[in-house]
Amino acid sequence: MQTGAPTLTETAAAREAADLADALASPPPEAAPVATLQPGDMPVRKIIHVDMDAFYASVEQRDNPELRGKPVAVGGSAARGVVAAASYEARVFGVHSAMASVTAKRKCPDLIFVKPRFEVYRAVSQQIREIFADYTPLIEPLSLDEAYLDVTENLKGMEIATEIAAEIRARIFAATGLTASAGISYNKFLAKMASDQRKPNGQFVITPKNGPAFVEALPVKKFHGVGPATAERMKKHGIETGLDLKTKPLAYLQQHFGKSGAYFHGIARGIDERRVRPDRIRKSVGAEDTFSEDISDLALAEAELRPLAEKVWRYCEAHDIAGKTVTVKIKYADFTQATRARTLAANFARIEEVLDVADQLLATVHPFRRPVRLLGVTLSSLTTSGGEADASAEPQLDLGL
Ligand SMILES: [Mg+2]
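Residue numbers (the numbering used here): 99 to 499.
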């Protein structure tokens, strides 16, 4: 779900990497001019990525003592159910989020399924954001349980970002009884990667000095912004680690990975210029899938719409987003495409409503003028519990499938 990849020229990237490393390795005396940072270069930022540990499952274990110490999956146990979150006890068995519930149950026969309570998760999320707001207005939530904080200039006047992270985690625990992990670094990508290093209930720092080496050693499939499909494509190009990625020139990455190429080129060097953007709101959330064989049958096509709609719906639930427009995209074997959309008077309340409308829209183009090679489902006219979406804000999000 990579979006908004920054553009960065190769020379600018190299220069900034050197500048960032110099800036930390040998800070110049106060009075001396800063020789390594050129005018217009970005100063070193202090970014914290805070990520709650097994969030939904931890909330359920907190609120129901009988679930503590046991393998718990939040999500539906029905035939088509999906695990939204797994407790650490369940993860030991290989159960993880986005896994089909039947698969999870097979891996862990004692797994206890609990229905999600999004209103509770939203309330806890609000508590956490109020704590963040004591430190900085630059808070960018990624979901109910994760956010980036830019604490370069913070409201407490604290110098050391690791101390801020430790204090925030302690306050979250005191207020909610839940643990959080944190990554601290000089950009969003590395902060996000760092928060995974000492989970649960830990934190990890990546400095400008050790950032490039950290990235080189990391498998690209762990990179934020590299989904399973992209990781597979990278593997075909001989790219399995950050170091492999670093050897590929910018033009090569742009040729093979499109507009994400520049982002990949940057992060391979520990460079990520994306700003922490508070209150970003997306205009639409969509998922699409290209089929291994083209489809002519309406029932088959409808069956393919379901997982797409489910993916969009799960994302919206986790991000507290609602929408009232559904768009179905149909791309034919000859690469021509059609889109059909419908807007309701009110937000969709249940996924079945989304599916009904999507099926009806699909039926309007059947019989298909050519076999169908790709289908997409998008939800738009979005609102969050915070209010109406701002049309000038974040553009479309595409969820890879
Ligand atoms: Mg989390």
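Virtual Cβ for every residue (Gly too), placed ideally from N, Cα, C.
Only a predicted model underlies this, so the values are computations on that prediction, with no experimental measurement involved.
Does DSSP put SER479 in a helix, in a strand, or in coil? strand
State whether the segment 462–475 contacts the segment 427–437, with contact taken as three or more CB pairs (one from each stretch) at a distance under 8 Å. yes
Which two residues bound the contiguous beta strand (DSSP E) that contains PHE321? PHE321 -> no beta strand (DSSP E), and no H or E assigned at all.
8 Å Cβ shell around GLY192 - same chain, five flanking residues per side excluded: LYS205, CYS206
Taking DSSP's pairing of strands, which residues face LEU473 in a bridge? Paired residue(s): ASP387, ILE428.
By the three-class DSSP mapping on this structure, what secondary structure does LYS213 have? coil
I need the straight-line Cα distance from SER382 to ASP149, nearest angstrom please. 24 Å
Give the C-beta separation of THR260 and VAL249 to the nearest angstrom, bearing in mind that I take them to be a contact with Cβ-Cβ under 8 Å. With 8 Å as the limit, THR260 and VAL249 do not qualify as a contact, their Cβ atoms being about 10 Å apart.
Expressed to the nearest angstrom, what Euclidean distance is found between the alpha-carbon atoms of LYS357 and THR423? 27 Å
Mapping DSSP to helix, strand and coil, what is ALA489? The pLDDT assigned to ALA489 is 35, lower than 50, so where the model puts this residue is not dependable; a value taken from the coordinates is nonetheless given after this. Coil.
If we count the other Cβ atoms within 10 Å of its Cβ and call it buried at 16 or more, is TYR350 buried or exposed? exposed
From SER257 to GLN458, what distance separates their C-alpha atoms? One detail in the question is off: residue 257 reads as Glu in this sequence, not Ser. A straight line joining the alpha-carbon of GLU257 with that of GLN458 spans about 57 Å.
Thinking C-alpha only, which one of GLU314, GLY323, GLU265, ALA273 is nearest LYS290? GLY323
Kindly list the residues whose CB is nearer than 6 Å to the CB of VAL303, restricted to its own chain and excluding five residues on each side of it in sequence; keep chain order. THR260, ILE282
Here's the rule I'm using: 16 or more other beta-carbon atoms within 10 Å means buried, otherwise exposed. How should THR437 be labelled? exposed
Take the Cβ of ASP370 as the centre, count every other Cβ of all protein chains shown within 10 Å, and call the residue buried at 16 or more, exposed below. buried
Closer than 7 Å: ALA415 CB and nearest ligand 1 heavy atom: Correcting the residue type first, residue 415 is Glu in the shown sequence and not Ala. False, no ligand heavy atom lies under 7 Å from that Cβ.
Look at the alpha carbon of TYR246 and the alpha carbon of ILE229, and state the distance between them as a whole number of angstroms. Going by C-alpha positions, TYR246 is about 13 Å away from ILE229.
Which word fits GLU450, buried or exposed, when buried means at least 16 other C-beta atoms lie within 10 angstroms of its C-beta? exposed
If ALA188 and LEU165 are in contact, beta carbons under 8 Å, what's the gap, nearest whole angstrom? By a beta-carbon distance limit of 8 Å, ALA188 does not contact LEU165. Their separation comes to about 11 Å.
Should MET150 be listed as close to ligand 1, given that the test is whether its C-beta is under 7 Å from any heavy atom? Look at MET150: its beta carbon is less than 7 Å from one of the heavy atoms in ligand 1.
Do GLU408 and ligand 1 come close, with the Cβ less than 7 Å from some heavy atom? False, no ligand heavy atom lies under 7 Å from that Cβ.
Any idea which residues DSSP pairs HIS147 with across the strands? As a beta-bridge residue in DSSP terms, HIS147 pairs with TYR246, GLY281.
Checking the sheet assignment: what are the DSSP bridge partners for GLU238? TYR246
Return yes when at least one heavy atom of ligand 1 lies under 7 Å from the C-beta of PHE153, else no. yes
How would you label PHE321, buried or exposed, when you count the other beta carbons within 10 angstroms and need 16 or more for buried? buried
Exposed or buried, what is SER390 when buried is set at 16 or more other beta-carbons lying within 10 Å of its beta-carbon? exposed
Would the segment 339–353 count as touching the segment 390–399 if we require 3 or more Cβ pairs under 8 Å? no
Determine the DSSP secondary structure at SER382, reduced to helix, strand or coil. Secondary structure at SER382: strand, using DSSP grouped into helix, strand and coil.
Minimum C-alpha distance to PRO469 - residue among PRO347, HIS194, ASP392, ALA202: ASP392
Extent of the continuous beta strand (DSSP E) run through ALA171: 170–173
Cβ-based burial, PHE287 [other Cβ within 10 Å; buried from 16]: buried
Range of the contiguous alpha helix (DSSP H) that encloses ALA272: 259–274
Return the first residue and the last residue of the beta strand (DSSP E) that GLN435 is part of. 435–441
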